[in-house]
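Residue numbers (UniProt numbering), protein chains in the order written: chain A, 1 to 248; chain B, 1 to 515.
Rendered as structure tokens:
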């Protein structure tokens, strides 16, 4: 589904992402973790074509991906780290616009829209301007827009930021079901419990390099460590962790 | 505490000026030079010759008009800045959580506004009005009363602007108020022309019709020494003290009591669940973004007034037509010049707006050709009907012949269709994205291109339109030939330029992100 070989991005002399290799399989929930500034967003932007790699290769659906490939883009969705939606559209206008651009069949659109807006408890806000929405409501709206055409490949950059606990739970369940249907989700998050709970495989990136990649069991490699402990150990956060533990 | 806060505000202001681009600094220095070397001396000359020579009744009337005009205009201008500084500034909320007194915070904010936006006006008026009155009376106390009077007017304007803001934010959100005021501000930018061209002629009858205000100003701002002067000084000082206290207290109370937290949430009618063609959905999206945003109106609508300015220029300067003109020639000249100017500017601005959401479009499954086709249709469909109405209004105003109206309409349509792609092209040359100032969308090169074109058109259009006439009669052959040429150029322009812009969209283009 996604094949990344020797992918690098340099800003001047600094490597934001340095020679990264990984594969994401069809029907997999893949969590991409790392501390702030580790290269998560840079990687996801390169995968979605928003940023040109300095070197390396990206294949999506066995094709070299480019933003010009409209047919390929129709099979994907991307939710960025900030839910930027044109403020002067209503939620309904925005969803109509996205459905039109993805050329969704009208009845299917109505059905999915109802399902998702009900799930996120967004129906009553749909005829308000987006600029009047809270951060969480905007996040729900962009998630609805990204999910309603049932993409085979979904990129989510910090999807749970701003969501209330109920929506958070429902989103997790929805994503699990979505993956069970054979679709793929590539997810970046700081919420380690989210990755621990729903990801099939986890990749930890630090200072632009992959530090660990595998299932949770493989990362634990037989130990009883939690994902948080493994994460801190791999990202030089262990010292902080130990200090905090001692203080407590 | 106040000292620390003032230091921070001072530093942020200095940093703002430090971060300005060289081009902007040059523009500011140039403007300051023009104001210091040209505008101020002219104001001083006009004002001093008037206030030194005019009789007392006329001086009183002039002072009254200046007082009323200044308070209203100054308050309106202050409102916009005030909304940006207090309502749109998210740092206020976080500053309120710091261990400092809210009153100190708002005192500093209001003080900054006063120093930057009120104090210079008060000083300017004290110089151009107070000084001549001091010279004519020879009494220092006259200068003191004038200075105090104009400083008091400044505080009154500031207080009025706060009143206006708090009153209107009860009705709608501060953001909407900001949009409406930007919209009004754009129209206000045309008012100096109206004052110069029309107001000047009517000022004298207005002054004559006013009652005598000498009882207010004589022996206070001009004339000889009297006890009234001392009373005026006391009154001004009291107003200055109490109004500044009231403003600071009111602003602190309103902001800290969360009275501004309730935003007005408006439902936009019944929601429609519909899937359209991609082109139609893009046009509809553009239409919604334009119609619902007063800031967009403020960018676009004032340009539709320029044909009327052309009408004024043409009718008052027959030299533009080589010495003579007739209504038919005027309507054709305006249809040419106005449609070029409007379609160039409006389509450039509408296209440059997309830079803000460029990343969003890039991840959508849609290619540049569809986006550009939709944008072309949106621009043409929004510009053409308005310009057709303008043509009809012109026809009614100047009583041209029906055949010239028909030609003007056809020429306008073809000129718009030819020029819109050029405007769109300019809108994709390094567009600017500024959250604080969304109307600032074109870079210097784009603005220069449009301004140069407009100047050339203003000077050339009279001569060009004279080719359509033999004496006072319409030369149908030349006009039909022009229409044929315009028809071909509109097709070529749409094909070649739109394809180039679509490629630009697909390949990516340079965008400057400000603030």
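All residues carry an ideal CB built from backbone N, CA and C; glycine is no exception.
>> On the CB-based measure, 16 or more other CB atoms within 10 Å of its CB, does residue 530 of chain B come out buried or exposed?
In response: The first residue shown for chain B is 1 and the last is 515, placing residue 530 of chain B beyond what the model contains.
>> Suppose the cutoff is 8 Å on Cβ atoms and the five residues either side in sequence are ignored; what does the same chain contact list for residue 62 of chain A look like?
In response: 3
> For residue 159 of chain A, is the classification buried or exposed, using 16 other Cβ atoms within 10 angstroms of its Cβ as the cut-off for buried?
Replying inline: buried
> Rounded to a whole number of angstroms, what is the C-alpha to C-alpha distance between residue 501 of chain B and residue 211 of chain A?
Replying inline: 43 Å
>> Please state the DSSP three-state secondary structure of residue 226 of chain A.
In response: coil
>> Let me see if you follow: with CB-CB separation under 8 Å, is residue 378 of chain B close to chain A or not?
In response: no
>> Please list, in chain order, the residues of the stretch 223-234 of chain A that have any C-beta partner in chain B closer than 8 Å.
In response: none
> Count the other CB atoms within 10 Å of the CB of residue 206 of chain A; is the residue buried (16 or more) or exposed (fewer)?
Replying inline: buried
>> Does any residue of chain A have a CB that is nearer than 8 Å to the CB of residue 262 of chain B?
In response: Note that residue 262 of chain B has pLDDT 48, beneath the 50 cutoff, so the model's placement of it is unreliable and no number is given.
> Closer than 8 Å, CB to CB, is residue 113 of chain A near chain B or not?
Replying inline: yes
> Leaving out five residues before and five after residue 119 of chain A in sequence, what residues of the same chain have Cβ atoms less than 6 Å from its Cβ?
Replying inline: 170
> When the Cα atoms are used, what is the spatial distance from residue 469 of chain B to residue 483 of chain B?
Replying inline: 15 Å
> So which of B:35, B:481 and B:355 has the shortest CA-CA distance to residue 428 of chain B?
Replying inline: B:355
> Where does the unbroken beta strand (DSSP E) through residue 33 of chain A begin, and where does it stop?
Replying inline: 29-33
>> Are the CB atoms of residue 188 of chain A and residue 28 of chain A within a distance shorter than 8 Å?
In response: no
>> Give me, in chain order, the residues of the same chain whose beta-carbon lies closer than 8 Å to that of residue 430 of chain B; leave out the 5 immediate sequence neighbours on both sides.
In response: 443, 445, 446, 509, 510, 511 and 512
>> With a threshold of 8 Å, are at least 3 pairs of Cβ atoms found where one atom belongs to the stretch 218-232 of chain A and the other to the stretch 191-201 of chain A?
In response: yes
> How many angstroms separate the CA atom of residue 415 of chain B from the CA atom of residue 49 of chain A?
Replying inline: 38 Å
> Around the Cβ of residue 296 of chain B, are there at least 16 other Cβ atoms within 10 angstroms (buried) or fewer (exposed)?
Replying inline: buried
> Applying a beta-carbon distance threshold of less than 7 Å, which residues of chain A neighbour residue 287 of chain B?
Replying inline: The contacting residues do not exist; residue 287 of chain B stays about 10 Å from chain A at best.
>> Determine whether the beta carbon atoms of residue 307 of chain B and residue 338 of chain B lie at a separation below 8 Å.
In response: yes
> So, is residue 476 of chain B buried or exposed, given that buried needs 16 or more other C-beta atoms within 10 angstroms?
Replying inline: exposed
> What separation, rounded to the nearest whole angstrom, lies between the Cα atoms of residue 3 of chain B and residue 216 of chain B?
Replying inline: 40 Å
>> Within 8 Å of any Cβ in chain A, is that where the Cβ of residue 272 of chain B sits?
In response: yes
> By how many angstroms is the C-alpha of residue 487 of chain B removed from the C-alpha of residue 155 of chain B?
Replying inline: 59 Å
> Do the stretch 102-119 of chain B and the stretch 131-146 of chain B touch if we need at least three Cβ pairs shorter than 8 Å?
Replying inline: no
> Going by C-alpha distance, which of A:180, A:143 and A:213 is nearest residue 91 of chain A?
Replying inline: A:143
> With a cut-off of 8 Å, do at least 3 Cβ pairs link the stretch 95-104 of chain B to the stretch 126-134 of chain B?
Replying inline: no
> Is the stretch 68-78 of chain B in contact with the stretch 227-245 of chain B, if contact means three or more CB pairs nearer than 8 Å?
Replying inline: no
> Around the Cβ of residue 467 of chain B, are there at least 16 other Cβ atoms within 10 angstroms (buried) or fewer (exposed)?
Replying inline: exposed
> On the three-state DSSP scale, how would you describe residue 209 of chain A?
Replying inline: strand
> Looking at chain B, which residues of the stretch 43-68 of chain A have a Cβ within less than 8 Å of any of its Cβ atoms?
Replying inline: 48, 49, 50, 67 and 68
> Beta-carbon separation of residue 157 of chain A and residue 41 of chain A under 8 Å?
Replying inline: yes
> For residue 19 of chain A, which residues in chain B fall below 9 Å Cβ to Cβ?
Replying inline: Simply none; closest approach about 25 Å.
> Can you tell me whether residue 31 of chain B is buried or exposed, with buried defined as 16 or more other CB within 10 angstroms of its CB?
Replying inline: exposed
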